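In the UniProt record's numbering, the protein residues as written are 1 to 274. Okay, structure first, notes after.
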């Protein structure tokens with residue numbers, strides 16, 4: 001059975017504690033908090049200094065754990081959701097730098113240097129919530145940040161949104177129950193398409209096989225469950241793995257660290273900051 005991930009209504013409706021400037025900002029979300037649907041005239045980077053974010057656009061959903069950064073180009077309608085108490089940082093890029101990164105939503109690993117730059121660009125000065133770096137110093141840091149992202153490999157943490165109705169039906173089924181281990185043929189009989197047709201659609205529309213897509217979907221769910229405090233064993237079974245070792249291998253391949261280490265590295269004490 002899947003682990004229930006529904007946040008209390010009060011948490012889902014609670015807005016963040018925010019410090020926002022024209023150059024970016026910081027939002028402290030309680031678990032389950034969601035933003036309004038929005039779009040910006042400038043592209044922006046989003047980083048979870050703690051917790052996990054999901055970022056949904058018309059192209060699909062990106063999962064942003066604390067060792068990743070998500071890019072959303074200008075003009076893309078999107079919304080954010082916090083999984084676990086989340087310290088969300090936002091940095092807007094000027095057009096001269098936005099041209100150097102993809103023209104579509106993407107997720108990148110956060111190097112140690114990139115993380116420190118993101119925190120510096122959104123962190124407060126002593127006694128002042130405004131960011132510590134402005135003017136030429138800020139411009140130099142932004143260029144360093146973009147250079148770090150360009151040197152990194154894009155990560156498979158953006159789950160594309162299917163367009164075909166049969167794929168969308170299959171995606172809804174597995175999103176509601178990621179532990180469902182039905183074969184593609186069995187799922188196809190529920191969605192009204194053959195396994196051969198669905199396999200072709202996965203490659204043509206989403207650029208991956210069904211099994212690659214399902215693994216990525218399950219890791220998305222696992223990141224959320226770990227952020228909400230579930231242990232590795234329960235998360236593995238809730239997301240469809242028959243044994244923890246298979247889950248650990250798949251999670252480590254996509255995220256770059258084990259589930260246990262990732263969970264242990266999440267900072268504590270966030271609610272006191274809110």
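Note that beta-carbon positions come from the ideal geometry of N, C-alpha and C, so glycine has one too. From a predicted model like this one, the values you see are computed outputs, not experimental measurements.
- Burial is judged here by how many other beta carbons sit within 10 angstroms of a residue's own beta carbon; residue 33 has at least 16 and is buried.
- Around the beta carbon of residue 18, a 10 Å sphere encloses fewer than 16 other beta carbons of the protein chains shown; the residue is thus reported as exposed.
- Going by beta carbons, residue 110 and residue 69 fall inside the 8 Å limit.
- Sixteen is the threshold: when 16 or more other Cβ atoms of the shown chains lie within 10 Å of the Cβ of residue 228, as they do, the residue is buried.
- Under the three-state reduction of DSSP, residue 146 is assigned to helix.
- In the structure shown, residue 48 falls within a strand segment according to DSSP collapsed to helix, strand and coil.
- By the C-beta density criterion, residue 65 is buried, having at least 16 other C-beta atoms within 10 angstroms.
- Straight across, the Cα-Cα distance linking residue 25 with residue 46 is about 10 Å.
- Residue 85 sits in a strand when the DSSP states are folded into three classes.
- Contact check for residue 92 against residue 158 fails: the beta carbons are separated by 8 Å or more.
- If you check the CB distance, residue 206 and residue 170 do not come in under 8 Å.
- A Cβ-Cβ contact shorter than 8 Å links residue 97 with residue 143.
- Using a Cβ distance threshold of 8 Å, residue 103 and residue 73 count as a contacting pair.
- At a cut-off of 4 residues, the continuous stretches assigned as alpha helix (DSSP H) that sit fully inside the UniProt domain "HTH araC/xylS-type" (168-265) are 184-191, 195-201, 210-227, 232-238, 244-255, 259-264.
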